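Read in order, the letters of the sequence shown are residues 1 to 414 in full-length UniProt numbering. Only one structure is covered here, and it is reproduced in the block below.
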Amino acid sequence: MKKNVLIIGAGGVAKVVAHKCAQHNDELGRIAIASRNISKCQAIIDSVQAKGGLKQPGEIKAYALNALDVDATKALIRETESQIVINVGSAFLNMSVLRACIDTGVAYLDTAIHEDPSKICETPPWYGNYEWKHLAECQEKGVTAILGVGFDPGVVNSYAALAQQQYFDKIESIDILDVNAGSHGKYFATNFDPEINFREFTGTVYSWQNSQWVSNRMFEVKRTDDLPVVGEQNLYLTGHDEVHSLSKHLDVPNVRFWMSFGDHYINVFTVLKNLGLLSEQPVKTAEGLEVVPLKVVKAVLPDPASLAPGYTGKTCIGDLVKGTKDGKQTELFIYNVADHEEAFAETDSQGISYTAGVPPVAAALLVARGEWDAKRMVNVEELPAEPFLRLLDVMGLPTRIKDEHGDRPWDQPL
1 MKKNVLIIGA GGVAKVVAHK CAQHNDELGR IAIASRNISK CQAIIDSVQA KGGLKQPGEI
61 KAYALNALDV DATKALIRET ESQIVINVGS AFLNMSVLRA CIDTGVAYLD TAIHEDPSKI
121 CETPPWYGNY EWKHLAECQE KGVTAILGVG FDPGVVNSYA ALAQQQYFDK IESIDILDVN
181 AGSHGKYFAT NFDPEINFRE FTGTVYSWQN SQWVSNRMFE VKRTDDLPVV GEQNLYLTGH
241 DEVHSLSKHL DVPNVRFWMS FGDHYINVFT VLKNLGLLSE QPVKTAEGLE VVPLKVVKAV
301 LPDPASLAPG YTGKTCIGDL VKGTKDGKQT ELFIYNVADH EEAFAETDSQ GISYTAGVPP
361 VAAALLVARG EWDAKRMVNV EELPAEPFLR LLDVMGLPTR IKDEHGDRPW DQPL
């Protein structure tokens, strides 16, 4: 049984992770939060304590850490006696933190794929460029590494696995639909790290169609769906992490990811991109200063964590799955709806951070209990779906099914 959790990162998702770990510290043990900015870590701890978040008396402590420094991360893992590391820092940190976990033999969990700051939209499959290169080493050393265990990627991977195991004989397509129908009241802001957010949309859009990679431009392919609670929404074909693992692990010829965008977001994004302000490559100013335009844009936009107070509305994220069952064509939507105001009331965070932050804590609990302590590197669809979704049901992210029989909780009998 593994115990003691080290949370790396101090943004909005890290805050949710800390609150949820505190609510389950009877099983997860001591909690450490580490970031380059120790004051942000302490602010998270203050938020947890203000809400009386610890289930039982226990330690929750802040540490200063540059997680790109592998030796420093290894030293902190040993100092805190952490056996589970939840990496919710920048996606640029993944390989450094993973290396520290492999070297110390502790469980590693993250919520997004690794990115190289100097590259955008590398050749698919993206996991093959970085994380999967360590598959054999994790297997050899018996190290549990669970990749992409946020909501998308993460929960949607588990939805796909559940659909394949219980609802279909043969799946023809999985379309992951991600809608945020909330309003933060700002002129323009991103719901998670602006740098990572924009990098997703400035490069090539890769999707898995007819069992091969297909490339498009951002905002080139659009669909409109009438979804539970959030209603009719415009969604655009977008490149995303989970497409790259589901296309490998599930025998499904079509896997696509779609995200909702309003006209205002698209207009602002287009202007920024056309001006070169979303470039990850450095430029020199007239004064001889070298700057990265994308980092400048990030610096002037609101911190996503600051959007939480006053954020209203709901999210709807799920998998639209089509295929055959007992020789008949069938279709289902397996999904979750989250509420921004409810997320703030519980964790001082907005709904996007909430949906990303709850799942890694559910995964950590399953690792602690031994059910997901895989002792190898896995993506979420390779793990048992039912215990994960049952935990999420009681931790604030209940799953529902909509099909020909109606709209109901996923485990409710017909």
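Glycine included, C-beta positions come from ideal geometry on N, C-alpha and C. Everything numeric in this text was worked out from a predicted model, so none of it was measured.
Within 8 Å, strictly: CB atoms of residue i and residue j
i, j, result
"residue 367", "residue 396", "no"
"residue 74", "residue 103", "yes"
"residue 52", "residue 349", "no"
"residue 16", "residue 236", "no"
"residue 363", "residue 388", "yes"
"residue 304", "residue 88", "no"
"residue 61", "residue 29", "no"
"residue 336", "residue 384", "no"
"residue 260", "residue 178", "yes"
"residue 143", "residue 105", "yes"
"residue 22", "residue 54", "yes"
"residue 273", "residue 181", "no"
"residue 377", "residue 135", "yes"
"residue 333", "residue 248", "no"
"residue 254", "residue 173", "yes"
"residue 370", "residue 95", "no"
"residue 145", "residue 101", "yes"
"residue 227", "residue 138", "no"
"residue 64", "residue 44", "no"
"residue 342", "residue 312", "no"
"residue 191", "residue 307", "yes"
Close Cβ partners of residue i (< 6 Å) along its chain, the five nearest in sequence each way excluded
i, result
"residue 153", "241 and 242"
"residue 214", "207"
"residue 186", "302"
"residue 324", "169 and 170"
Continuous beta strand (DSSP E) stretch holding residue i: start and end
i, result
"residue 415", "Nothing can be reported for residue 415: it is not among the residues displayed for the chain, which extend from 1 to 414."
"residue 235", "231 to 237"
"residue 363", "Where residue 363 is concerned, there is no enclosing beta strand (DSSP E), although the alpha helix (DSSP H) it sits in stretches over 351 to 369."
"residue 382", "Element bounds for residue 382: n/a, residue is neither H nor E."
Contacts around residue i, its chain only, beta-carbon distance under 7 Å, and the 5 residues preceding and following it disregarded
i, result
"residue 294", "195, 198, 278, 279 and 280"
Own chain residues within Cβ distance below 8 Å of residue i, not counting five before or after
i, result
"residue 222", "234, 235, 236 and 237"
Proximity to residue i [Cα-Cα], best of the options
i, options, result
"residue 217", "252, 182, 270 and 181", "270"
"residue 141", "107, 147 and 392", "107"
"residue 297", "209, 138, 286 and 268", "268"
8 Å Cβ cutoff, residue i in contact with chain D
i, result
"residue 310", "In the displayed structure, chain D is absent; only one protein chain is listed."
First through last residue of the alpha helix (DSSP H) which encompasses residue i
i, result
"residue 393", "385 to 395"
"residue 344", "340 to 347"
For this session: Scan the UniProt domain "Saccharopine dehydrogenase NADP binding" (5 to 146) and note each continuous alpha helix (DSSP H) run of 4 residues or more that stays entirely inside, going in chain order.
Result: For the UniProt domain "Saccharopine dehydrogenase NADP binding" (5 to 146), whole alpha helix (DSSP H) runs of length 4 or above, ordered along the chain, are 12 to 23, 25 to 28, 38 to 50, 70 to 80, 94 to 104, 126 to 129 and 135 to 141.
Exercise. For the region 168 to 236, which segments carrying the beta strand (DSSP E) assignment without a break, of at least 3 residues, lie completely within its bounds, in sequence order?
Worked result: Counting whole runs of 3 or more residues, the region 168 to 236 contains the beta strand (DSSP E) stretches 170 to 180, 205 to 209, 212 to 216 and 222 to 227.
Problem set entry | Sequence ranges, beta strand (DSSP E) only - wholly within the region 249 to 306, length at least 3 | As far as the region 249 to 306 is concerned, its whole beta strand (DSSP E) runs of at least 3 residues are 254 to 260.
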